[in-house]
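*Asks:*
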Amino acid sequence: MNNKTDFDVIIVGGGTNGLSAGCYLGLEGKKVLLLEALDKVGGMASSGFLIPEAPEHLVHPCALDMMSMRVHAHVPQELDLERHGFEMIELAPGYVYLHPDGSSLVFWRDRLKTAAEIRRYSTEDADAFLEFMSVVDMFLEIALPMMRVDPAKLNLTTKLKVVGSALKNRKLKPELMALMTGSAHQAARERFEHPVTISAMCALTGLAGDITADGGGIYYALLGFLHRFGVGRVRGGMQQLSNAMSSRLVELGGEVITSATVTEIVSSQNTVKGVKLADGREFTARSVIAGCHPRVALEMVTAGEMPGHLLTRIAMAPANAKGSGPLKIDLALDGRISVPRFEAARGDGLDLRNTCLLIGTEEAVLENFAASSRGEVPQLPYVTMAAPSAADPSQAPEGQDVVYIYPPVMPVNPTGGWDAIREDVADQVIDQLSDYVEGIKGHVIGRRIEAAPDFTARLNTVNGCVVHIDTTTMRSSTMRPAHGLGGDTLPVAGLYLGSAGSHPGGGVNGMAGRLAAKRVTSYLAKKP
1 MNNKTDFDVI IVGGGTNGLS AGCYLGLEGK KVLLLEALDK VGGMASSGFL
51 IPEAPEHLVH PCALDMMSMR VHAHVPQELD LERHGFEMIE LAPGYVYLHP
101 DGSSLVFWRD RLKTAAEIRR YSTEDADAFL EFMSVVDMFL EIALPMMRVD
151 PAKLNLTTKL KVVGSALKNR KLKPELMALM TGSAHQAARE RFEHPVTISA
201 MCALTGLAGD ITADGGGIYY ALLGFLHRFG VGRVRGGMQQ LSNAMSSRLV
251 ELGGEVITSA TVTEIVSSQN TVKGVKLADG REFTARSVIA GCHPRVALEM
301 VTAGEMPGHL LTRIAMAPAN AKGSGPLKID LALDGRISVP RFEAARGDGL
351 DLRNTCLLIG TEEAVLENFA ASSRGEVPQL PYVTMAAPSA ADPSQAPEGQ
401 DVVYIYPPVM PVNPTGGWDA IREDVADQVI DQLSDYVEGI KGHVIGRRIE
451 AAPDFTARLN TVNGCVVHID TTTMRSSTMR PAHGLGGDTL PVAGLYLGSA
501 GSHPGGGVNG MAGRLAAKRV TSYLAKKP
């Protein structure tokens, strides 16, 4: 390898975690090279004009809402991203559940306002909701501090703070244990009685995973995040966030190369040496951060350098393991969507165009997970939908909309394969959605569809899993992505994981990259 291409750190993958890692290392004065296989940075946090028939309609092919970054708001502040064009719009409200009978339930940032929404259907449910939020708050008081530190460290101060929170709320411990060990569906059924309340909770938590899975009660962290931090979007589209991070990295002296596919993470005598690219280029470095899927990264390490049992362990780590994953449909419209039936039923003048709409009864959410696990396309509607151009009109021509449709539960490997059914399933989803939302059918200029195999191919993920490794209590902290691979060292010295597949997990927030940067800084300080 040519010493002229030597770096302190090479980062494989230009998603927000890779970019975050690069920026934090740049702040430490390290010489950083970031390599991205696609023609632009961002990965799952990207946007662009991707529908040929509609060149002025901005599309988000993966992430849209900014909730996780608001939880970890110190990242954009520490990296000074606003100076590089990053601006967040807060959605008020963030999420609204639509029931088939015309009812709606708004998840406001203010939990008392959300309770008032629930009270329209059941006084008992409203009271139960506020009691439940005390349990969710306790979970967050334990989980959030641990998400923000390196789980491989002692973290005595943080743990003492967590213990203090637990002692303060010790009367809630039985409820917390029930939440953490039971399913999200169980938690909804235990506490609520009205079908609108139960369905809204199922539709919300189903965004995080199978609502029938033991341990899935932790998905109610979404509810806690909604109330504590609200929901935002990036003005001008998600690509503006990734571009801001890239700009900051370059300002700090880092180098970013796109259309650069890494084929090997070079290791010799269990120490990382650099990388090789598909086009023959080679770069040396004292350390490498894998901002890509951990399985993809570890399988690129020079043959024989990674222990075989760990390669088996990461190969078998759950990624959409229950057979379900999201479908993504983007539409460019020649007009604007509306939801007059639901707005009229509310009678309070709330504009539902500007929010994220949740559609799916308790029965539908359960049917979607069950059908997908069998490799069948669900027949009942469970859809999340937003019109990004409503909150940010710059994302579509005046008087027109771009529509983001995200059925969160579809078969990863359906009978017959996605190539045979992709268009028909998109038609089915649009038909179902049109029972709730007006202005779609007959107004589509063009559309874009991606299912699990498309995510796998475009984003180099595994089994179409957008969070890399399924979110479970057994795949968190040092157990993420797997036992023996979630600590602050790997069998190959100088190699670090820093993606959604490592602590603290998925979401657009840059926290895994921030953690990896800290680990590398410590490693380089000890390395001669």
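Heads up, the sequence shown is in the UniProt record's numbering, so the first residue is 1 and it goes up one at a time.
Even for Gly, the Cβ is constructed at its ideal location relative to N, Cα and C.
This one's a predicted model, so the numbers in the text were calculated from it and none came from an experiment.
1. Quick check for students: name the residue ranges of the alpha helix (DSSP H) that lie wholly in the stretch 84 to 153, counting only runs of 4 or more.
2. With TYR523 as the anchor, note down where its alpha helix (DSSP H) starts and where it stops.
3. How would you call THR415, buried or exposed, if buried means at least 16 neighbouring beta carbons within 10 angstroms?
4. Candidates LEU524, HIS185, ILE449: which alpha carbon is nearest ASP419's?
5. Among the candidates ALA297, CYS292, ILE265, whose CA atom is the shortest distance from the CA of GLU282?
6. Got a sec? Which residues, its chain only, sit under 7 Å from residue 544 by beta carbon, not counting five neighbours each side?
7. My output table needs one value for ASN2: the three-state DSSP class, helix, strand or coil.
8. In the DSSP assignment, what are the bridge partners of PHE7?
9. Is the beta carbon of GLY15 less than 8 Å from the beta carbon of GLY42?
10. What separation, rounded to the nearest whole angstrom, lies between the Cα atoms of LEU33 and SER268?
11. Using the three-state DSSP reduction, which class does MET385 fall into: helix, strand or coil?
12. Can you list, in chain order, the stretches of the alpha helix (DSSP H) that have 4 or more residues and sit fully within the stretch 197 to 283?
13. When you compare the stretch 130 to 150 with the stretch 459 to 475, are there three or more beta-carbon pairs, one atom per stretch, that lie closer than 8 Å?
14. Could you tell me whether the Cβ atoms of SER372 and VAL409 are closer together than 8 Å?
15. How would you write the range of the beta strand (DSSP E) that ALA332 sits in, first residue to last?
16. Hey, how far is the Cα of SER68 from the Cα of ASN243?
17. What's the gap between the Cα of GLU299 and the Cα of GLY505?
18. Do the stretch 363 to 372 and the stretch 322 to 339 meet, that is, are 3 or more Cβ pairs less than 8 Å apart?
19. Please report the distance separating the alpha-carbon of ASP392 from that of GLY308.
20. What's the C-alpha gap between THR158 and ASN509?
21. Taking a contact to mean a Cβ-Cβ separation below 8 Å, would you say LEU19 touches MET245 in this structure?
22. Quick check on DSSP: helix, strand or coil for LEU350?
23. Please classify MET133 as buried or exposed, where buried requires at least 16 other C-beta atoms within 10 Å of its C-beta.
24. Assuming CYS356 is part of the beta strand (DSSP E), what are its boundary residues?
25. Using the beta-carbon count (16 or more within 10 Å), is ILE51 buried or exposed?
26. When the Cα atoms are used, what is the spatial distance from TYR382 to THR361?
27. Answer with buried or exposed for VAL163, where buried requires no fewer than 16 other C-beta atoms within 10 angstroms of its C-beta.
28. Residues in the same chain with beta-carbon distance under 7 Å from PRO340, minus the five sequence neighbours each way, listed in chain order, please.
29. Is ARG111 buried or exposed, if buried means 16 or more other CB atoms sit within 10 Å of its CB?
30. Please state if the CB of GLY291 and the CB of SER499 are separated by a distance shorter than 8 Å.
31. Leaving out the 5 sequence neighbours to the left and right, which residues in its chain are closer than 7 Å to LEU223 when beta-carbon positions are compared?
32. Pick helix, strand or coil for MET66, following the three-state DSSP scheme.
33. In whole angstroms, give me the CA-to-CA distance for ARG189 and ARG514.
34. Whole angstroms is fine: what's the gap from HIS468's alpha carbon to VAL462's?
35. Just grab the DSSP bridge partners of PRO411 for me.
*Replies:* Straight from the coordinates:
1. You should have 111 to 119, 123 to 147.
2. Annotation: the continuous alpha helix (DSSP H) that includes TYR523 extends over 511 to 526.
3. Exposed, because fewer than 16 other Cβ atoms sit within 10 Å of the Cβ of THR415.
4. Taking only the C-alpha atoms, the option nearest ASP419 is ILE449.
5. With distances taken between Cα atoms, GLU282 lies closest to ILE265.
6. Residue coverage of the chain in this structure runs from 1 to 528, which leaves residue 544 outside it and unanswerable.
7. Low local confidence applies: a pLDDT of 43 at ASN2 is under 50, so the model's placement there is unreliable, with the coordinate-based value given in what follows. Three-state result, ASN2: coil.
8. Bridge partners of PHE7 according to DSSP: ALA285.
9. Their beta carbons are under 8 Å apart, which means GLY15 touches GLY42 by this criterion.
10. Here the C-alpha atom of LEU33 lies approximately 20 Å from the C-alpha atom of SER268.
11. Residue state for MET385 is assigned as strand, using DSSP reduced to three classes.
12. Whole alpha helix (DSSP H) segments, 4+ residues: 221 to 229, 239 to 251.
13. The stretch 130 to 150 vs the stretch 459 to 475: no contact.
14. Taking a C-beta distance under 8 Å as the contact criterion, SER372 and VAL409 qualify as a contact pair.
15. Counting along the chain, the beta strand (DSSP E) containing ALA332 begins and ends at 328 to 333.
16. Computed Cα separation, rounded: 18 Å.
17. Distance between the alpha carbons of GLU299 and GLY505 is about 20 Å.
18. Segments in contact, yes.
19. Answer to the nearest angstrom: the Cα atoms are 49 Å apart.
20. Cα to Cα, THR158 sits roughly 21 Å from ASN509.
21. Taking 8 Å as the Cβ cut-off, LEU19 and MET245 qualify as a contacting pair.
22. Correct three-state label for LEU350: coil.
23. Within a 10 Å sphere around the beta-carbon of MET133 sit 16 or more other beta-carbons, which makes this residue buried.
24. 356 to 359 is the extent of the beta strand (DSSP E) around CYS356.
25. Around the C-beta of ILE51, 16 or more other C-beta atoms lie within 10 Å, and the residue is accordingly described as buried.
26. When rounded, the distance between both Cα atoms is 7 Å.
27. Only exposed fits VAL163, as fewer than 16 other CB atoms lie within 10 angstroms of its CB.
28. Excluding residues within five positions, the ones whose Cβ falls inside 7 Å are GLU438.
29. Counting other Cβ atoms within 10 Å of its Cβ, ARG111 reaches 16 or more and is therefore classed as buried.
30. Yes.
31. Same-chain partners within the cutoff: VAL136, LEU204.
32. Strand, per DSSP.
33. The straight-line gap from Cα to Cα measures roughly 38 Å.
34. When only Cα atoms are considered, HIS468 and VAL462 end up about 7 Å apart.
35. Answer is SER324, bridged to PRO411.
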